[in-house]
Amino acid sequence: MSDTLERVKRIIVDRLGVDPSQVTPEASIKEDLDADSLDVMDLVLELEDEFGLEISDEEAEKISTVGDVVQYIESHQK
């Protein structure tokens, strides 16, 4: 598992209180992990802080799975 995925997984488990086994690359943040829109915004803010990047609202709306988060972060890190 990549370092990025591990860090994303830790943030999701901490923020959403889900079991770590539920946080897989294929897991839908809203459907599988039961995140509402406020949870998603909190996740985006925490991910921005953790990885030192800015995720626009438009980009955040395109991210639906844990794998999407990891792919976005890895493609936008300096």
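Just so you know, we're using the UniProt record's numbering here: the sequence shown kicks off at 1 and counts up by one. Think of the CB as a built atom: it goes at the ideal place given N, C-alpha and C, for glycine as much as any other residue. The structure presented is a predicted model; accordingly, all values stated were derived computationally and were not measured.
Helix, strand or coil at residue i [DSSP, three-state]
i	result
Thr4	helix
Ser64	coil
Ser21	helix
Ser75	helix
Residue i classed as buried or exposed, judged by whether at least 16 other C-beta atoms fall within 10 angstroms
i	result
Leu16	buried
Lys30	exposed
Leu43	buried
Lys62	exposed
Leu53	exposed
Leu47	buried
Leu45	exposed
Residue from the options with nearest C-alpha to residue i
i	options	result
Gln71	Arg10, Gln22, Pro20, Glu26	Glu26
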